[in-house]
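Below: one structure, written as structure tokens.
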Amino acid sequence: MFDRLNRRSFLQAVVAVAASTSFGCSDDDDTKKPTADAKYFPQSVCSGDPRPDSVILWVRALDPDNAGADAPVRLEVSTRAEFSDFVFRGDFTALAANDHALKVKVTKLAARTTYYYRFVLTKNGTEYTTATGRTRTAPAAGADVAVKFAFASCQDYIGRYYNAWQRLLELDEDLDFIVFLGDYVYETTGDKSFQSGNTERRVVFSEPDKALQLGSGESTYYAANALSNYRDLYKTLRTDKLIQQVHERYPFIIIWDDHEFSDDSWGSNATYLDGRAAENQIERKRNSERAFFEYIPLDNTASAEGAIDVASAPVFPNTRVYRDFDFGKHLKLAVSDYRTYRPDHLIPEDAYPGKVAVEASVLGLALPTLPAPVQALLQSETFAYTSLDLPEHATQKAVLQGAYVQQAVAAGLTQDAATVKAQTWVSGNVSLFYANQVLTAVNAAREAAGQPAIPLLSTAGTLRGLAYVHLGKGSLFNIQGSRYIVVKPIYDLFSALRYATSAGLSEDALGATQQAWLQNQLKAANTWKIVVSSVSMTSMVFDLSAKTDIPDPTLRQVFYFNADQWDGFPAKKKELLEFIAQNQVKNAMFISGDIHASFASVEGGVPALTAPAITSGSIKELAGLAVIGAGYGPGSAVYKYVVTELNESLAAGNPGMRYVNGDAHGFVVLEVKGDEALAAFHLIPSTEVTKDYSVRGAAELQAQFTRVDFRVQNGAITKL
46 MFDRLNRRSF LQAVVAVAAS TSFGCSDDDD TKKPTADAKY FPQSVCSGDP
96 RPDSVILWVR ALDPDNAGAD APVRLEVSTR AEFSDFVFRG DFTALAANDH
146 ALKVKVTKLA ARTTYYYRFV LTKNGTEYTT ATGRTRTAPA AGADVAVKFA
196 FASCQDYIGR YYNAWQRLLE LDEDLDFIVF LGDYVYETTG DKSFQSGNTE
246 RRVVFSEPDK ALQLGSGEST YYAANALSNY RDLYKTLRTD KLIQQVHERY
296 PFIIIWDDHE FSDDSWGSNA TYLDGRAAEN QIERKRNSER AFFEYIPLDN
346 TASAEGAIDV ASAPVFPNTR VYRDFDFGKH LKLAVSDYRT YRPDHLIPED
396 AYPGKVAVEA SVLGLALPTL PAPVQALLQS ETFAYTSLDL PEHATQKAVL
446 QGAYVQQAVA AGLTQDAATV KAQTWVSGNV SLFYANQVLT AVNAAREAAG
496 QPAIPLLSTA GTLRGLAYVH LGKGSLFNIQ GSRYIVVKPI YDLFSALRYA
546 TSAGLSEDAL GATQQAWLQN QLKAANTWKI VVSSVSMTSM VFDLSAKTDI
596 PDPTLRQVFY FNADQWDGFP AKKKELLEFI AQNQVKNAMF ISGDIHASFA
646 SVEGGVPALT APAITSGSIK ELAGLAVIGA GYGPGSAVYK YVVTELNESL
696 AAGNPGMRYV NGDAHGFVVL EVKGDEALAA FHLIPSTEVT KDYSVRGAAE
746 LQAQFTRVDF RVQNGAITKL
């Protein structure tokens, strides 16, 4: 709009127009070679969003002796590494207002062609140049060529080394591009729950007073908040020489997940406090997006040729980063955005376990469709509930609210805040299964103090419904039973009922506009329709129902491990997979990241491949910390099934699973052809992530890697 066309935008537009006159072969035969000097280009160069006739080229350029000033640079593009001729030369300015980051869209290029590029800065008559970048445009529409690319995700910098990227460089694969599936940066620094640290691999915020301070005492850590904080994440990560070299060699197609803003986020909402207080952080969300757009070589502005005006790029809630790419005849790549439009997780982190989430009138609609044993279970006293607001329950209500306040204050809330939450949650319909457990515990304390017992709530004449405790919610302000570890059969029923009664809004993960776009992409004529999803489509199920060596019967159930990924929206997931089946979409596939594990599975007839993390803690490591934190040590049966035998448990819990590795880092190389797709998982044990193999030599690193190959064909995955 015109009100966004400020002076800086106008000047950038003028520069872009002036630069566009340089497209085409140059008559300039100046052969003077600039001097390479990385201090003027501390993050090197990168390219992205390759199309048959265009690509985005990126640099961060500044004069360290005058760091507050804009930096004029020249971009040179050639089909030859020695730059003996040019297909483009143009002058641009890396603006200090954009943290000296510059993105240029170069157009009128030839399809499926390798180009070399560099940026040149002149100071005191001397020209200084970046490293030479290499990029490649996409094949032309209809070109009958195989397409090969790598995909990866989750590259936490702190205390970790990019050995996986080093291995990819050593393989020197002839890749068309790399898909990065999200968590390009991690927004926290010093979070001891998952981040290790050393003096060499750390992020230091230039304005720490503007960051979010989280945790307490020795567990205090910081999360990016201000624009400068988010910029520091990208600047620090991109000083790593290995990631610089990967970007210099291959174009990237990048989508965000949550850590580019905030862990397990939805829209502009963070989840650090697990429901202790609201965390809708719109300004913080916009800061995260601005830094992402500055540092990531993507075009989300439908820009013409020339400099991309990052300052005018729409940010939340008007963001659009989902986009599609055609790579010849055989590949349609639909890059989706799971985070921007999605609603909250179905189970609130602050949900009172006893609160009834599905009342009898709604549950009754589903009962006739369920198997007889399930109907009988749901009509048992375990699912009985009553209203605390009845006058005869005033005493029990007061006691239950008091217990809630006590727990909430212990969790860090003030007395006033805890009281308000208690009045909201501990009222109306509550589960007798849960409420009477609390009353029994209160009575034990009262008996010890010589006080009379509080009568338990009677189940006589009560209705049946689903409470959060039935879904796995056992405590307040906790990710267990909300975002992680939920009871699968009850959760699936709860999801379906919420989905039906909310007209689908409860799981509107993509938003109506993006979903229509995605469905249209899936109908494309390309041989393969690959959906890029930052979170995994593979179901992670722990079936502990028959594990008699687990002493606690409440744990002998079937659980979803992660309700933050597609398992958390099972009704929407089912709808998407049914759309593919009903429209007879051939050769659809999902590729994903996020969960720090390697999966190959078939979900509802659709192959799904999940890449491991580049560096971030493996799912086995994180599961181990969670299980121990819940009080189940390495000698327990729970630890055995969830941690020690994690791969076997997940394979047994999902009949579509073809491969599981929950304790490795690495990447996947995927080649799509006319009749098959070939996937190669390149994996290194997670124990090696704190070792810097760049100083150890290629042979030693190669010895740590294993390769696992699969063929994807006709909806099936076969291990080779």
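Here our numbering is used: the sequence shown runs in plain steps of one and ends on residue 765.
Each residue gets a CB set at the ideal place from its N, CA and C atoms; glycine is no exception.
Keep in mind it's a predicted model, so treat the numbers as computed, not measured.
Tell me which residues share the same chain as residue i and place their Cβ nearer than 6 Å to its Cβ, disregarding the 5 neighbours each side in the sequence.
i      : result
Val688 : Ala668, Gly669, Val672
Arg96  : Ala183
Ala653 : Met582, Thr583, Phe635, Ser646
Arg543 : Ser551
Tyr317 : Leu259
Tyr162 : Leu102, Val122, Gly178
Thr427 : Phe478
Thr66  : Any reading at Thr66 must be qualified, since the residue scores a pLDDT of 33, below 50, and its modelled position is unreliable; the value itself is stated next. For Thr66, where only same-chain residues beyond five positions count, there are no Cβ hits under 6 Å.
Could you spell out where the beta strand (DSSP E) holding residue i opens and where it closes?
i      : result
Ile762 : 761-764
Phe712 : 709-717
Lys150 : 146-151
Arg105 : 99-105
Ser476 : 474-476
Pro730 : 722-730
Asn22  : What is shown of the chain runs 46 to 765, which leaves residue 22 out entirely.
Val753 : 751-758
Glu648 : 643-648
Phe222 : 222-225
Going by beta carbon distance, what residues of the same chain come within less than 7 Å of residue i, once the five residues before and after it are set aside?
i      : result
Pro87  : Arg105, Thr284
Thr76  : Residue placement at Thr76 is poorly supported in this model, since its pLDDT is 47, which falls under 50; the coordinates still yield a value, given next. Nothing listed; no residue qualifies.
Gly457 : Arg321
His145 : Arg105, Ala106, Leu107, Ala116, Ala139
Leu257 : Tyr267, Ala268, Asn270
Ser578 : Ser381, Tyr383, Phe635, Ser637
Asn325 : Ser313, Asn314
Ser264 : Lys237
Cutting at 8 Å between CB atoms, please list the residues of its own chain near residue i, excluding the five before and the five after it.
i      : result
Ile499 : Thr440, Gln441, Val444, Leu484, Val487, Asn488, Arg491
Val60  : Residue placement at Val60 cannot be trusted, given a pLDDT of 32 that sits under 50; what the coordinates show is reported in the next sentence. For Val60, where only same-chain residues beyond five positions count, the Cβ hits under 8 Å are Asp136, Phe137, Thr138, Gly351, Ala352.
Asp82  : Tyr173, Thr174
Leu516 : Ile392, Ala402, Gly526, Val531, Val532, Ile535, Tyr536, Phe539
So residue i is in the alpha helix (DSSP H); what residue range does that whole segment cover?
i      : result
Ala114 : Ala114 -> no alpha helix (DSSP H), and no H or E assigned at all.
Glu693 : 691-698
Lys665 : 664-674
Ser92  : That residue, Ser92, is in no alpha helix (DSSP H); its beta strand (DSSP E) goes 90-96.
Ala449 : Note on residue identity: the sequence assigns Tyr, not Ala, to residue 449. Tyr449 -> alpha helix (DSSP H) spans 439-455.
Tyr340 : 327-340
Phe250 : Phe250 -> no alpha helix (DSSP H), and no H or E assigned at all.
Gly409 : 405-411
Val651 : Segment 651-655 is the beta strand (DSSP E) holding Val651; no alpha helix (DSSP H) there.
Ala186 : Per DSSP, Ala186 belongs to no alpha helix (DSSP H) and is neither H nor E.
Thr427 : Careful: Thr427 lies outside any alpha helix (DSSP H) and carries neither H nor E.
Ile625 : 615-627
Arg283 : It is not in any alpha helix (DSSP H) - Arg283 carries neither H nor E in the DSSP assignment.
So, under 8 Å CB-CB, residue i and residue j are touching, yes? Tell me the CB distance rounded to an integer number of Å.
i      : j      : result
Gly662 : Phe338 : Rounded, the Cβ-Cβ distance is 28 Å, inconsistent with contact.
His390 : Ala608 : 6 Å
Ala336 : Arg276 : 5 Å
Glu394 : Asp319 : 4 Å
Leu501 : Tyr430 : With a Cβ gap of about 14 Å, Leu501 and Tyr430 do not count as contacting.
Phe712 : Phe196 : 7 Å
Ser89  : Glu293 : 6 Å
Ala642 : Ile664 : 4 Å
Pro296 : Phe222 : 5 Å
Determine which residues share a DSSP beta bridge with residue i and list them.
i      : result
Val531 : Tyr605
Met634 : Ile575
Lys400 : Val475
Val369 : In the sequence as presented, Val is not what sits at residue 369; that position holds Asp. Bridge partners of Asp369: Ala379.
Leu257 : Ala268
Asp588 : Val603
Gly135 : Leu120
Leu166 : Tyr173
Phe297 : Gly93, Ile223
**OP:** Check whether the region 357-369 touches the region 327-347, taking contact to mean three or more Cβ pairs, one atom from each stretch, closer than 8 Å.
**Re:** Contact between the region 357-369 and the region 327-347 is established, with three or more Cβ pairs separated by less than 8 Å.
Subject >> Three-pair Cβ contact test at 8 Å for the region 168-186 versus the region 135-147 >> reply: Judged by Cβ distances under 8 Å, the region 168-186 makes no contact with the region 135-147, as fewer than three pairs qualify.
Original post:
Does the region 190-205 come within contact of the region 110-125, defined as at least 3 CB pairs closer than 8 Å?
Top reply: Fewer than three Cβ pairs drawn from the region 190-205 and the region 110-125 lie within less than 8 Å of each other, which leaves the two stretches out of contact.
Subject >> Three or more C-beta pairs below 8 Å linking the region 609-626 and the region 545-561 >> reply: Three or more beta-carbon pairs separated by less than 8 Å link the region 609-626 to the region 545-561, which places the two stretches in contact.
Original post:
Does the region 284-295 come close enough to the region 411-428 to have 3 or more Cβ pairs within less than 8 Å?
Top reply: Under the 8 Å Cβ criterion, the region 284-295 does not count as touching the region 411-428, having fewer than three qualifying pairs.
Original post:
Would the region 209-218 and the region 709-725 be scored as touching if the rule is three or more Cβ pairs under 8 Å?
Top reply: The region 209-218, when compared against the region 709-725, does touch it at the 8 Å Cβ threshold.
Original post:
Three or more C-beta pairs closer than 8 Å, one from the region 724-741 and one from the region 679-698: is that the case here?
Top reply: With a cut-off of 8 Å, the region 679-698 and the region 724-741 do not count as touching, because too few Cβ pairs lie within range.
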